[in-house]
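As given, the protein sequences belong to chains W and P, one line each in that order.
The numbers in my numbering rise by one with no breaks, and the one at position 424 of the first sequence is 424.
The numbers in my numbering rise by one with no breaks, and the one at position 318 of the second sequence is 817.
For every residue, glycine included, the Cβ atom is placed at its ideal position computed from N, Cα and C.
Computed from a prediction, not measured in an experiment: that's the story for all the values here.
Structure first, then comments.
2 protein chains.
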Amino acid sequence: MNSYKKLLTRYKENTILGNINGTLSWDFEVIMPKKGTQQRAEQLAMLSGIIHKRSTDPKIGTLINDIQSDKNFDDMSALEKRNVELIKRDYDKYAKIPVEFAQELTKHGAIATASWKKAKTKSDYSIFKKDLAKMIDLKKKQAHYFDSDKDPYDVMLDNNEFGFSKKVYDKIFEEAKAGLVPIIKAIADSPNQPDDSLILRHCPTDIQRKVMFDIAKLVHYDLEGGRIDEAVHPFTSGYYDDVRITVKYYPEDFTPAFYAALHETGHGIYEQNYPPEFKYQPVGQSSSSAMHEGQARFIENIIGRSDEFWEFYLPRFKELTGKTFADVELKPFIHAINKVSPTKIRIRADPVTYSMHIILRYEIEKDIFADKITVDEIPSVWNSKMKDYLGVDIENDAEGCLQDTHWAWQYFGYFPTYALGSYYNAQFLTKMAQDIPNWRDEIRAGKIVTIHNWLNTNIRNKGGLQDPLDMVKDITGKEFSAKYFIENTKDKYSKLYGL
Amino acid sequence: MNSYKKLLTRYKENTILGNINGTLSWDFEVIMPKKGTQQRAEQLAMLSGIIHKRSTDPKIGTLINDIQSDKNFDDMSALEKRNVELIKRDYDKYAKIPVEFAQELTKHGAIATASWKKAKTKSDYSIFKKDLAKMIDLKKKQAHYFDSDKDPYDVMLDNNEFGFSKKVYDKIFEEAKAGLVPIIKAIADSPNQPDDSLILRHCPTDIQRKVMFDIAKLVHYDLEGGRIDEAVHPFTSGYYDDVRITVKYYPEDFTPAFYAALHETGHGIYEQNYPPEFKYQPVGQSSSSAMHEGQARFIENIIGRSDEFWEFYLPRFKELTGKTFADVELKPFIHAINKVSPTKIRIRADPVTYSMHIILRYEIEKDIFADKITVDEIPSVWNSKMKDYLGVDIENDAEGCLQDTHWAWQYFGYFPTYALGSYYNAQFLTKMAQDIPNWRDEIRAGKIVTIHNWLNTNIRNKGGLQDPLDMVKDITGKEFSAKYFIENTKDKYSKLYGL
Chain W
1 MNSYKKLLTR YKENTILGNI NGTLSWDFEV IMPKKGTQQR AEQLAMLSGI IHKRSTDPKI
61 GTLINDIQSD KNFDDMSALE KRNVELIKRD YDKYAKIPVE FAQELTKHGA IATASWKKAK
121 TKSDYSIFKK DLAKMIDLKK KQAHYFDSDK DPYDVMLDNN EFGFSKKVYD KIFEEAKAGL
181 VPIIKAIADS PNQPDDSLIL RHCPTDIQRK VMFDIAKLVH YDLEGGRIDE AVHPFTSGYY
241 DDVRITVKYY PEDFTPAFYA ALHETGHGIY EQNYPPEFKY QPVGQSSSSA MHEGQARFIE
301 NIIGRSDEFW EFYLPRFKEL TGKTFADVEL KPFIHAINKV SPTKIRIRAD PVTYSMHIIL
361 RYEIEKDIFA DKITVDEIPS VWNSKMKDYL GVDIENDAEG CLQDTHWAWQ YFGYFPTYAL
421 GSYYNAQFLT KMAQDIPNWR DEIRAGKIVT IHNWLNTNIR NKGGLQDPLD MVKDITGKEF
481 SAKYFIENTK DKYSKLYGL
Chain P
500 MNSYKKLLTR YKENTILGNI NGTLSWDFEV IMPKKGTQQR AEQLAMLSGI IHKRSTDPKI
560 GTLINDIQSD KNFDDMSALE KRNVELIKRD YDKYAKIPVE FAQELTKHGA IATASWKKAK
620 TKSDYSIFKK DLAKMIDLKK KQAHYFDSDK DPYDVMLDNN EFGFSKKVYD KIFEEAKAGL
680 VPIIKAIADS PNQPDDSLIL RHCPTDIQRK VMFDIAKLVH YDLEGGRIDE AVHPFTSGYY
740 DDVRITVKYY PEDFTPAFYA ALHETGHGIY EQNYPPEFKY QPVGQSSSSA MHEGQARFIE
800 NIIGRSDEFW EFYLPRFKEL TGKTFADVEL KPFIHAINKV SPTKIRIRAD PVTYSMHIIL
860 RYEIEKDIFA DKITVDEIPS VWNSKMKDYL GVDIENDAEG CLQDTHWAWQ YFGYFPTYAL
920 GSYYNAQFLT KMAQDIPNWR DEIRAGKIVT IHNWLNTNIR NKGGLQDPLD MVKDITGKEF
980 SAKYFIENTK DKYSKLYGL
């Protein structure tokens with residue numbers, strides 16, 4: 001069908017322009033000379049304008065209509081129909097947004113981020129409040145443009161993870177909260193606390209760097225189609241044959257770079273393993289944000305924080321790091337690596353308390369969009385929830401509601417996907433353990449081949465063929481549930497802490 | 500005038516897209532993962548297509564006409580008129596090229612470059628010959644599109660350096676040849692030959708890298724708006740606030756990286772010093788290719804190969820490089836740095852014999868375009884000229900007519916600008932020495948402030964306000980001539996070699 005070919009050509013071209021944008025942004029974050037900021041901003045603005053115009057071009061709508069009303073539509077393959085569906089899903093939303101509104105939103109994102117930075121530096125929420133209020137207002141309007149019949153926060157949630165809504169998340173997070181709060185409490189009360197000093201030892205950047213390249217290869221991140229660089233905040237950027245990751249090195253603690261490397265390679269390996277024949281098609285991407293986050297956390301937590309990983313890796317780690325960790329013994333080291341301890345800062349949280357940071361944000365976002373709390377009330381609500389869920393006292397807003405950049409950059413309804421990834425994973429793991437009964441032995445032997453292939457076959461190679469909830473059901477044969485995550489967490493940490 | 504504003508906006512947008520292209524190409528050459536080649540080629544092709552379409556858009560022609568026929572045209576400033584003139588100059592040429600022809604030329608450039616690479620590796624000219632013949636044919640056609648009334652090689656020469664033709668170059672190069680051949684002969688016959696071993700000492704890459712950053716700062720290359728990286732062939736890439744240079748390190752010889760660093764910073768400093776108010780306008784660029792090359796060679800040769808530079812820098816160089824050069828004495832070291840010795844390879848040539856490499860290429864290109872020699876005859880003509888001009892025997896074509904990539908990449912008429920830059924410089928230097936009588940003392944003191952400011956005021960800050968021959972005349976008060984270069988060369992090398 002000629003219209004289908006035309007539609008796919010347009011998609012391909014927009015993808016290529018998006019990839020250019022990705023390279024420019026990577027360069028900006030990682031290596032651009034300081035003075036280049038303004039020039040780069042002009043490049044990114046120009047390119048975004050071109051991409052926006054092309055991807056909301058009414059001709060795309062016409063092509064989609066032509067395809068769907070064609071007499072041969074039913075003869076199209078499932079993959080072809082899926083491609084059309086995915087393009088239509090975005091087009092239907094973004095073509096409704098007036099250009100001026102899209103520009104205003106982007107512009108205000110930059111303004112709000114600047115005032116957020118200032119507010120965070122000075123720990124003064126009042127500097128950010130007005131711009132945050134305006135951003136919330138703009139996001140409500142955007143949700144209205146996307147779908148004026150639906151609740152705006154539901155629109156945002158579905159936009160970030162297809163098929164999700166307050167109704168779905170409420171159930172999941174209630175279950176997670178009910179399961180996790182007692183575990184966190186029991187861990188805090190346990191007399192068996194790990195010894196941090198086994199980890200917090202001076203380890204120079206150049207040695208850490210060698211370790212990161214070593215573990216990246218171990219988990220099958222392809223360095224011929226990737227790079228590992230340093231950036232203020234770790235991230236992954238790229239497409240298919242050029243997918244780059246970044247970490248940040250702290251000489252007094254190797255774990256942030258180590259787990260960022262495993263996390264980001266997890267993202268990178270996903271991107272590197274879509275089927276080549278899906279390239280430049282809508283199916284040549286991840287199923288969803290949470291599925292992507294899940295693939296990152298699979299490598300980081302399920303593999304990289306397992307006992308078996310360190311059974312294999314500790315001797316090699318000792319070798320690579322010289323005498324620094326020579327005296328460390330396996331069991332106490334594994335416990336230290338898996339230390340659970342409530343923190344004020346989300347990005348420093350362990351895999352157990354992490355969910356509580358997300359639930360807190362979800363509840364606040366929900367109440368903001370339902371006009372149940374005002375921007376004035378955010379700090380006090382934040383602090384009281386932190387106390388309730390994690391027993392943590394927030395002393396200033398920089399370590400409270402100002403810690404994340406997301407809201408300033410218009411990401412509302414996005415935080416929940418961070419937790420969801422781990423919940424998907426726990427359910428996948430149950431199935432993988434049936435398919436590969438000796439999967440732990442494989443990690444213990446330092447071979448991650450069967451596991452890598454299982455993830456490829458079941459998840460990565462499927463690209464965007466299915467939406468996440470369908471994918472979970474198809475792979476595991478069960479409806480998605482958070483219970484697997486709660487169970488796995490209970491199991492793992494009960495053993496570690498002797499609960 | 501509204502049309503002027505519209506024209507400039509289009510120019511600005513195309514410049515921004517060109518800058519994006521520059522960043523993508525830099526990334527490709529310097530840091531891109533190996534597997535990314537195909538994806539990057541698709542990005543560059545897509546972007547080039549967009550740029551070509553935008554810069555040959557008939558609306559540009561309409562805008563130019565509107566401006567030039569406007570009743571207020573005469574009220575426009577000289578700068579505004581120059582902007583229109585520069586846009587018109589390119590538009591008039593490129594808008595005449597049919598899209599299919601432009602694509603064929605680009606495509607054949609890639610094909611010919613691939614066969615050139617193969618031919619060079621195997622030192623087998625026959626592999627490249629057919630593609631070279633086709634390229635010559637395409638370039639003749641392009642010249643015909645540009646201006647069907649003029650001799651095609653004259654069109655190419657003027658396209659690469661405005662105001663130049665065979666008539667102009669013939670005169671210059673005859674003068675240069677007549678002046679240089681006897682100097683080269685006298686140097687070869689001199690008993691005072693320098694001692695290479697003062698230079699060819701092992702100097703590790705990380706130490707060399709420190710030296711490069713040190714000298715880059717010394718000559719006022721702004722590292723806050725630049726970077727120094729490693730690439731196979733040194734080059735400069737960027738615009739205004741983000742101008743990056745590359746060098747290539749050879750541990751057994753520090754001079755290739757050292758002089759590449761000075762050469763490329765020379766290019767970089769030019770780009771970094773156009774007036775901010777010219778940004779995104781046609782005047783916000785160099786006056787010409789040769790003027791750019793001249794600025795690079797000014798830093799490299801006039802400053803970096805002067806006695807005074809090493810009087811200042813040798814002690815610092817010794818300090819930075821540890822014990823490696825501790826025993827070296829100034830005079831013999833300066834002589835070794837300025838060694839003149841005919842080479843087969845252009846890019847390894849010293850500043851004296853370099854011109855002969857260019858003259859040889861110019862003469863061959865001229866005869867090719869005049870159908871006086873065929874592609875079959877190129878190797879034998881090349882080899883016999885090398886023998887005549889430099890006394891060098893070419894034993895295989897890889898070190899002869901296959902050494903440069905330019906012809907494969909469609910650069911005909913470009914080589915002459917490499918020599919021209921040094922000739923401009925010599926004439927500028929005569930004027931600068933009048934304006935700053937103690938300029939050599941300044942270098943000796945390690946301060947290059949007045950010289951830097953002189954180059955800024957007279958050349959760099961003028962951007963593209965004037966064509967090169969006008970600029971030379973305005974700055975020096977004299978018509979352009981190669982005689983200054985011959986005189987300076989005689990002076991300098993007679994002293995060094997005791998002629």
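Check                                                                                                                                                                                : Outcome
Between P/N520 and chain W, is the shortest Cβ-Cβ distance under 7 Å, so that the two count as touching?                                                                             : no
What did DSSP end up calling W/Y125 once you bin it into helix, strand or coil?                                                                                                      : coil
Return the first residue and the last residue of the beta strand (DSSP E) that W/Y239 is part of.                                                                                    : T236 to Y239
Quick check on DSSP: helix, strand or coil for W/R305?                                                                                                                               : coil
Using 10 angstroms around the beta-carbon of P/I768, count the other beta-carbons present and answer buried if the total reaches 16, otherwise exposed.                              : buried
How many Å lie between P/N518 and P/S625 at the Cα?                                                                                                                                  : 38 Å
Just to confirm, are W/M471 and W/S287 a CB contact at a threshold of 7 Å?                                                                                                           : yes
Select from W/P276, W/D195 and W/K210 the residue whose C-alpha is nearest the C-alpha of W/Y240.                                                                                    : W/P276
Could you have a look at W/Y249 and say whether DSSP puts it in helix, strand or coil?                                                                                               : coil
How many Å lie between P/W908 and P/A609 at the Cα?                                                                                                                                  : 7 Å
Might you give, ordered along the chain, the residues of its own chain that have their beta carbon closer than 8 Å to the beta carbon of P/I950, omitting 5 neighbours on each side? : I802, M931, I935, W938, E941 and I942
DSSP three-state label for P/D728, please.                                                                                                                                           : strand
Please state if the CB of P/S788 and the CB of P/N659 are separated by a distance shorter than 7 Å.                                                                                  : yes
Can you tell me where the alpha helix (DSSP H) holding P/N895 begins and where it ends?                                                                                              : Counting along the chain, P/N895 falls outside any alpha helix (DSSP H), and DSSP gives it neither H nor E.
With a threshold of 7 Å between beta-carbons, can P/P532 be considered close to chain W, or not?                                                                                     : yes
State buried or exposed for W/Q434, treating a residue as buried only when at least 16 other CB atoms are found within 10 Å of its CB.                                               : exposed
Short of 7 Å in beta carbon distance, which residues of its chain neighbour P/Y720, apart from the five on each side in sequence? Order them along the chain.                        : T764, G767 and I768
Give the C-beta separation of P/L717 and P/I947 to the nearest angstrom, bearing in mind that I take them to be a contact with Cβ-Cβ under 8 Å.                                      : 7 Å
Step through the CB atoms of chain W and report whether any lies within less than 7 Å of the CB of P/R708.                                                                           : no
Against P/I515, what residues of chain W qualify as contacts under a CB-to-CB distance less than 7 Å, listed in chain order?                                                         : E42, Q43 and M46
Listing by chain order, which chain W residues have their CB less than 8 Å from the CB of P/E512?                                                                                    : M46
Exposed or buried, which one is P/P1006 when buried takes at least 16 other CB atoms within 10 Å?                                                                                    : Within the shown structure, residues of chain P are numbered from 500 to 998, placing residue 1006 of chain P beyond reach of any answer.
Quick one: measure Cβ to Cβ for P/I985 and P/A675, integer angstroms, because I've assumed they're closer than 8 Å.                                                                  : 7 Å
Are the CB atoms of P/S647 and P/R796 within a distance shorter than 7 Å?                                                                                                            : no
Taking C-beta pairs closer than 7 Å, name the residues in chain W that P/D526 reaches, listed in chain order.                                                                        : T23 and D27
At a Cβ cut of 9 Å, what residues of the segment 218-244 of chain W count as close to chain P, listed as they run along the chain?                                                   : D222, L223, E224, G225, G226, R227, D229, G238, Y239, Y240, D241, D242, V243 and R244
Please state if the CB of W/I228 and the CB of W/T236 are separated by a distance shorter than 7 Å.                                                                                  : no
Return the bridge partner residues of W/I243 from the DSSP annotation.                                                                                                               : Strictly speaking, residue 243 of chain W in this sequence is Val, with Ile absent from that position. The partner list for W/V243 (beta bridge, DSSP) reads W/G238.
Verify whether the separation of the beta carbon atoms of P/E528 and P/A730 is less than 7 Å.                                                                                        : yes
State yes or no: is the beta carbon of W/Q103 nearer than 7 Å to at least one beta carbon in chain P?                                                                                : no
Thinking C-beta only, is W/D195 closer than 7 Å to W/P332?                                                                                                                           : yes
Taking only beta-carbon atoms, is P/Q771 less than 7 Å away from chain W?                                                                                                            : no
Using a threshold of 7 Å, state whether the C-beta atoms of P/V746 and P/Q771 are closer than that.                                                                                  : no
Could you tell me which chain P residues have their CB closer than 7 Å to the CB of W/G266, listed as they occur along the chain?                                                    : Those within 7 Å of W/G266 in chain P number zero; the least Cβ separation is about 18 Å.
Is W/G49 close to chain P, meaning its C-beta is less than 7 Å from at least one C-beta of that chain?                                                                               : no
Would you mind reading off the limits of the alpha helix (DSSP H) that contains P/M655?                                                                                              : P651 to N659
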